[in-house]
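Going by numbering that gives the first Met the number 0, the sequence shown opens with residue 0, and the numbers climb by one from there. Glycine included, every Cβ here is placed at the ideal spot set by N, Cα and C. What you are looking at is a predicted structure, and each value in this text was computed from that prediction instead of being measured. Accompanying notes for the structure given below.
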Amino acid sequence: MLSVQTDSQLSIFEGLQIDELWEASVKLGFPSALWRLPHKNEIKLLISIQDGIRKCQPDLEKLSPGFIISAFHWRDDQEVLFLEGDIILTFSEDSKIRGVENTVGEEHPEVQKLVKLAEEILEEEPQTSRDISLTIPELPNTDAKLRFQRTVELAIAAIRQNQFKKVVLSRTKELAYSENFQPARAFCKLSKVYPHAFVSLVNLPEQNELWLGATPEVLVQQTADGIFRTMSLAGTQHARNESGELIPRYDIRWGEKEIEEQALVSRYIVECFKKIRLREYTETGPKTLLAGNLYHLKTDFEVNTVQLHFPELASVMVRLLHPTSAVCGVPKVPSLEFLTNIEGYDRSFYSGFLGPTQVDAETSLFVNLRTVRFKDGKATFYAGAGITEDSVPEREWDETEMKCDTLLKVIADEF
Numbered sequence: 000m001l002s003v004q005t006d007s008q009l010s011i012f013e014g015l016q017i018d019e020l021w022e023a024s025v026k027l028g029f030p031s032a033l034w035r036l037p038h039k040n041e042i043k044l045l046i047s048i049q050d051g052i053r054k055c056q057p058d059l060e061k062l063s064p065g066f067i068i069s070a071f072h073w074r075d076d077q078e079v080l081f082l083e084g085d086i087i088l089t090f091s092e093d094s095k096i097r098g099v100e101n102t103v104g105e106e107h108p109e110v111q112k113l114v115k116l117a118e119e120i121l122e123e124e125p126q127t128s129r130d131i132s133l134t135i136p137e138l139p140n141t142d143a144k145l146r147f148q149r150t151v152e153l154a155i156a157a158i159r160q161n162q163f164k165k166v167v168l169s170r171t172k173e174l175a176y177s178e179n180f181q182p183a184r185a186f187c188k189l190s191k192v193y194p195h196a197f198v199s200l201v202n203l204p205e206q207n208e209l210w211l212g213a214t215p216e217v218l219v220q221q222t223a224d225g226i227f228r229t230m231s232l233a234g235t236q237h238a239r240n241e242s243g244e245l246i247p248r249y250d251i252r253w254g255e256k257e258i259e260e261q262a263l264v265s266r267y268i269v270e271c272f273k274k275i276r277l278r279e280y281t282e283t284g285p286k287t288l289l290a291g292n293l294y295h296l297k298t299d300f301e302v303n304t305v306q307l308h309f310p311e312l313a314s315v316m317v318r319l320l321h322p323t324s325a326v327c328g329v330p331k332v333p334s335l336e337f338l339t340n341i342e343g344y345d346r347s348f349y350s351g352f353l354g355p356t357q358v359d360a361e362t363s364l365f366v367n368l369r370t371v372r373f374k375d376g377k378a379t380f381y382a383g384a385g386i387t388e389d390s391v392p393e394r395e396w397d398e399t400e401m402k403c404d405t406l407l408k409v410i411a412d413e414f
């Protein structure tokens with residue numbers, strides 16, 4: 000039976016903050032997710048107490064409150080990972096609990112164990128002594144730049160041979176990190192620095208890994224009142240000048256390459272609407288969007304599913320959109336085949352999708368960009384760049400470096 004406490008009725012969780020509860024849930028092996036939606040102040044912490052991570056079809060309107068994460072290589076007939084929202088805690092901006100949804104009850108032995116361990120962690124050491132930075136230098140990978148530039152050259156050659164119009168190539172960057180590194184505090188820092196992004200931290204104990212990210216790109220959203228949203232996002236420029244000052248949005252000038260790259264993504268979304276004969280949508284943009292230390296071009300799409308009697312639109316569009324042309328290419332099939340053969344590594348959950356489902360009656364799934372995986376003492380940063388016929392290999396490398404820096408500069412405490 001659902002047990003909900005708010006404000007003054009916070010029961011056994013009262014007095015505990017994000018750090019202790021996150022650390023306790025990870026130590027106990029509970030699948031967990033922390034997130035903060037774009038332009039929102041409150042933070043959510045979801046903990047799966049009973050069944051661990053299960054697999055399910057992303058029929059979003061049918062799911063219980065929870066959190067989805069899917070790998071990049073996902074077909075529309077496959078299942079995704081689902082973290083059940085046994086406990087969903089809501090925190091204010093200063094990390095204090097504002098509300099609790101608890102479907103398993105306070106007397107559940109695992110809940111008791113969670114709270115007890117969180118209280119012990121709180122008493123162990125003062126908050127100020129906890130390390131939040133990555134301090135160890137990049138692991139050696141001397142030929143990474145040359146290898147990536149070579150893949151860009153191969154992609155340009157394939158485009159000129161009309162194999163596809165655009166492909167998104169990605170790469171990784173590895174750093175070592177100390178065992179004292181505090182992911183939850185890095186999450187809170189990212190949330191403050193990037194208010195326009197979806198910031199998340201996910202613990203996947205079965206894979207023995209954590210994923211931290213700050214992504215600007217909506218895949219699908221469905222609000223409580225039935226408004227569906229998606230977006231096209233492409234094109235990249237520095238948001239700051241050489242002195243570190245923010246360049247005003249009205250001073251940004253976009254070149255033909257970026258404009259065409261963004262238009263390809265928008266056309267892809269419209270083609271998906273056409274496949275399901277959906278004509279009643281609103282398109283706004285493209286506009287210049289600030290995302291961390293970068294500017295992008297963005298176009299928003301909106302549909303009223305109540306008026307159309309189409310409550311399952313978000314579920315349908317997930318299957319049609321992923322992988323979007325912003326993370327894969329155009330056309331989808333040949334560009335996907337090319338990047339799968341040429342990248343030389345498994346993207347895992349990078350450029351897949353993730354986010355809360357049916358939490359407060361809303362679902363928000365985002366493309367997993369600007370992300371880092373923590374596993375076996377290595378922090379693996381992921382970044383990609385859209386390659387077109389006009390791409391310059393050196394500039395595409397620089398773009399991936401900029402995107403890695405979006406996270407790295409914050410959590411390495413280098414600002």
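In this structure, A238 places its C-beta atom within 8 Å of the C-beta atom of L245.
Counting only the Cα atoms, A378 lies some 11 Å from A411.
For the 8 Å CB-CB criterion, V99 and S31 do not form a contact. Judged by DSSP in its simplified three-state form, S363 adopts strand. In the three-state reduction of the DSSP assignment, A233 falls in the strand class, which pools E and B. DSSP, reduced to helix, strand and coil, places Q16 within a strand of the structure shown. With a beta-carbon spacing of about 4 Å, F163 and S334 fall inside the 8 Å limit used to define contacts. When the alpha-carbon of S94 is set against those of Q56, P322, N40 and E208, the nearest one is in N40. Just so you know, the alpha carbons of R278 and L218 end up roughly 19 Å apart. Cβ-Cβ separation between C187 and I17: approximately 7 Å, consistent with a contact (criterion under 8 Å).
Counting only runs of at least 3 residues, the stretch 145-215 fully encloses the following beta strand (DSSP E) elements, listed from N- to C-terminal order: 165-175, 197-203 and 208-214. An exposed status is given to Q160, since fewer than 16 other beta-carbon atoms sit within 10 Å of its beta-carbon.
Within the same chain, and ignoring the five residues on either side of G328 in sequence, the residues whose Cβ sits closer than 6 Å to its Cβ are F163, K165, V166, V167 and S334. Spatial neighbours of H321 in its own chain (CB-CB distance under 7 Å, excluding positions within 5 residues in sequence) are listed in chain order as W73, L218 and F352.
Counting of Cβ neighbours within 10 angstroms places T281 among the exposed residues, the total staying below 16.
Ranked by Cα distance from L289, the options V332, I341 and T405 are led by T405. In the structure shown, the three-state DSSP call for E393 is helix. In the DSSP annotation of this structure, the continuous segment of the alpha helix (DSSP H) that includes R266 starts and ends at E255 to K274. The Cβ neighbour count for T362, taken over all protein chains shown within 10 Å, is at least 16; the residue is labelled buried. The C-alpha of R394 is placed about 12 Å away from the C-alpha of E152. A distance below 8 Å separates the beta carbons of S199 and W34. Judged by DSSP secondary structure, A313 falls within the alpha helix (DSSP H) whose first and last residues are L312 to L320. Going by C-alpha positions, E205 is about 14 Å away from R372. For I86, the enclosing beta strand (DSSP E) covers residues I86 to F90.
Residue state for E41 is assigned as coil, using DSSP reduced to three classes.
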